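Encoded as structure tokens, the structure appears first; notes follow it.
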Amino acid sequence: MTIAIQPATAAVAQTFRLQLDARPPVGEPWSFLRFFPRTLKVHQGDTVNAAWDGVGTPHTATLVPSDNANAWRATNQGPGGPQDPSLFPWALQVPDVTVGGDDNQIDVDPAVARPSDPTCGTSGNPCTFDGTGVVSSGLQFSTPGSEPHFWTNVTAPVGTYTFLCLLHPGMQASLKVVAGGTSIPPPAAVNAKVKHQVHVARTSDGSVADDLAQTVKRTPVGGNTRVTIWAGGF
Numbered sequence: 717m718t719i720a721i722q723p724a725t726a727a728v729a730q731t732f733r734l735q736l737d738a739r740p741p742v743g744e745p746w747s748f749l750r751f752f753p754r755t756l757k758v759h760q761g762d763t764v765n766a767a768w769d770g771v772g773t774p775h776t777a778t779l780v781p782s783d784n785a786n787a788w789r790a791t792n793q794g795p796g797g798p799q800d801p802s803l804f805p806w807a808l809q810v811p812d813v814t815v816g817g818d819d820n821q822i823d824v825d826p827a828v829a830r831p832s833d834p835t836c837g838t839s840g841n842p843c844t845f846d847g848t849g850v851v852s853s854g855l856q857f858s859t860p861g862s863e864p865h866f867w868t869n870v871t872a873p874v875g876t877y878t879f880l881c882l883l884h885p886g887m888q889a890s891l892k893v894v895a896g897g898t899s900i901p902p903p904a905a906v907n908a909k910v911k912h913q914v915h916v917a918r919t920s921d922g923s924v925a926d927d928l929a930q931t932v933k934r935t936p937v938g939g940n941t942r943v944t945i946w947a948g949g950f
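In my numbering, the protein residues as written are 717 to 950.
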């Protein structure tokens, strides 16, 4: 029996689940550095439940006021490696002395590690994303049986924004806020789409990335040899 799922309108605020990562097949060491789904549509007033579902890899669920994740990262996180947090406020790595320390060791930026607001983010008290600033869960680790969740109520104007992980470049999803009355897939349809995408990732994408990670290419360059090793991933 097939049950038709009708698109939802903005009559009643809804809660949508956005999944971070996915559990690999038994015995495989994979992490899926993805959000599921890649695009999520909501109305103003809806809530997004960012839910971890991996096996130990840390992530952040960070909602930023930009429709271009790569441009936002370039401006706010820098080109990679240790950065000056006064220039790149969401850099992953910073020298200890720049964040109140007393030596030159490299630390995870406290702005990345901690929530943007530790007083909110629960189901009963979600944080609010109004489209003007960054809302972040801070660094959370997947723990099967006790997975983290981070709830955000979206009040931002109609437009496109981005969920991303501050740790993993390329791990990002579009959040589209659409006008009231516009039909969007309801939570049940989104959950079904996520289930399908996770299935494809576990049965196909993971093994492809695993094969790439074991690929080595040697190319003569003058009197030397250039060795290229693929790191896998998507």
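For each residue, glycine too, the CB sits at the ideal point set by N, CA and C.
Keep in mind the model is a prediction, meaning the values are calculated, not measured.
Identity of the residue in the options nearest residue i by Cα
i      : options                           : result
Phe866 : Arg789, Ala872 and Cys881         : Cys881
Gln760 : Thr778, Ala729 and Ala766         : Ala729
Thr776 : Ala827, Arg918, His912 and Val924 : Ala827
Ser747 : Pro774, Gly796, Thr763 and Leu803 : Pro774
Ala925 : Asn940, Thr763 and Trp946         : Trp946
Thr871 : Lys911, Gly849, Thr931 and Thr919 : Gly849
Val910 : Arg750, Pro741 and Glu744         : Arg750
Ile822 : Gln799, Arg830, Gly837 and Gly840 : Gln799
Gly743 : Arg918, Leu928 and Gly939         : Arg918
Pro740 : Gly797, Gly796, Pro860 and Thr763 : Pro860
Asp833 : Gly816, Pro885, Ala908 and Thr868 : Thr868
Gly770 : Val764, Pro745 and Ala908         : Pro745
Sequence-distant residues of its chain with Cβ nearer than 8 angstroms to residue i (five each side left out)
i      : result
Val906 : Phe732, Arg733, Pro753 and Leu756
Asp818 : Asp812
Thr878 : Leu779, Val780, Ser782, Asp783, Asn784, Ala785, Trp788, Gln888, Ala889, Ser890 and Leu891
Ser802 : Thr814
Gln793 : Gln799, Phe804, Trp806, Ala807, Leu808 and Leu882
Per-residue DSSP class, three states only, for residue i
i      : result
Trp768 : strand
Gln793 : coil
Asp812 : helix
Pro936 : strand
Phe950 : For Phe950, the predicted model reports a pLDDT of 45, less than 50, meaning its position is unreliable; a value from the coordinates is still stated below. Here Phe950 sits in coil by DSSP.
Pro798 : coil
Pro842 : coil
Val828 : helix
Ala889 : strand
Residues of its chain near residue i, where Cβ-Cβ distance is below 6 angstroms and the 5 sequence neighbours each way are ignored
i      : result
Phe950 : Reliability fails at Phe950, whose pLDDT of 45 lies under 50, so the model's placement of it is uncertain and the value that follows must be treated cautiously. Around Phe950: no qualifying Cβ.
Lys933 : Thr944
Thr935 : Arg942
Close Cβ partners of residue i (< 7 angstroms) along its chain, the five nearest in sequence each way excluded
i      : result
Asn820 : Pro811, Asp812 and Val813
Val894 : Lys757, His759, Val874 and Ile900
Trp768 : Leu736, Asp737, His775, Gln856, Ser858, Glu863 and Pro864
Gln913 : Phe752 and Pro753
query = Which parts of the stretch 727-756 are runs of the alpha helix (DSSP H), unbroken and 4 residues or longer, counting only runs that do not cross its ends?
reply = none
Decide yes or no for the touch test of the stretch 834-848 against the stretch 895-914: beta carbon pairs closer than 8 angstroms, at least 3 of them.
no
**Asked** Which full runs of the beta strand (DSSP E) of 3+ residues lie inside the stretch 855-881, going along the chain?
**Response** 865-870 and 875-880
List, from N- to C-terminal side, the alpha helix (DSSP H) runs of 4 residues or more that fit wholly inside the stretch 899-931. 903-916 and 922-929
Q: Would you be able to state if there are at least three C-beta pairs under 8 angstroms between the stretch 846-864 and the stretch 771-786?
A: yes
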